[in-house]
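Let me begin by presenting the structure, written as structure tokens, before commenting on it.
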Amino acid sequence: MTSVSSQLVIYEEMYALSEQMVAAAQANEWDKLIALESRVSILRDKLMTEESVGVESLSGADRARKAAMIRKILEDNAEILCHTEPWMENVRQFLGSQHQRRKMHHAYAVMDALSNGGSATEASFG
């Protein structure tokens, strides 16, 4: 069973890591961001898998502190998305253009093979 203090320590660690993730996203340090997200994921899984203390077990001050940390983590997540979404869109466009180039290359290879007396099957596999 996770104690109240243990649960709050986990939230504090996640809170600190989320601030570091914002800084990494702002600096376009994607490898660092991924490493930090892995650490947050482990902590999140720990909270989910252990029998956690219910909210009713927390004092009013601890409950308010936990809620404030969760709000800040969510705000940080929104900030991170502001930086990662444009990057992800660029990656999608790049991959899409690469896929389009391969399709065009394949189509021209088939046309070239056919115009040189070959077959479409030879162009596809040979």
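So the sequence shown is numbered by numbering that gives the first Met the number 0: it starts at 0 and just counts up by one. Backbone N, C-alpha and C define an ideal beta-carbon position, used for all residues, glycine too.
Beta-carbon spacing of residue i, residue j below 7 angstroms
| i | j | result |
| --- | --- | --- |
| leucine 35 | methionine 13 | no |
| leucine 32 | alanine 23 | yes |
| glutamate 78 | valine 21 | yes |
| isoleucine 72 | serine 17 | yes |
Assigned secondary structure, residue i (DSSP; H/G/I helix, E/B strand, else coil)
| i | result |
| --- | --- |
| serine 114 | helix |
| serine 2 | coil |
Residue closest to residue i, alpha-carbon to alpha-carbon, out of the options
| i | options | result |
| --- | --- | --- |
| tyrosine 10 | Asp44, Asp30, Arg100 and Val21 | Asp44 |
| serine 5 | Lys65, Leu73, Gln92 and Trp29 | Lys65 |
| serine 58 | Leu113, Asp111 and Leu7 | Leu7 |
| glutamate 84 | Arg70, Trp29 and Asp111 | Trp29 |
Counted within 10 angstroms of its Cβ, other Cβ atoms place residue i as buried (16 or more) or exposed
| i | result |
| --- | --- |
| leucine 94 | exposed |
| valine 39 | buried |
Which whole runs of the alpha helix (DSSP H) in the segment 14–99 are 4 residues long or more, in chain order?
29–48
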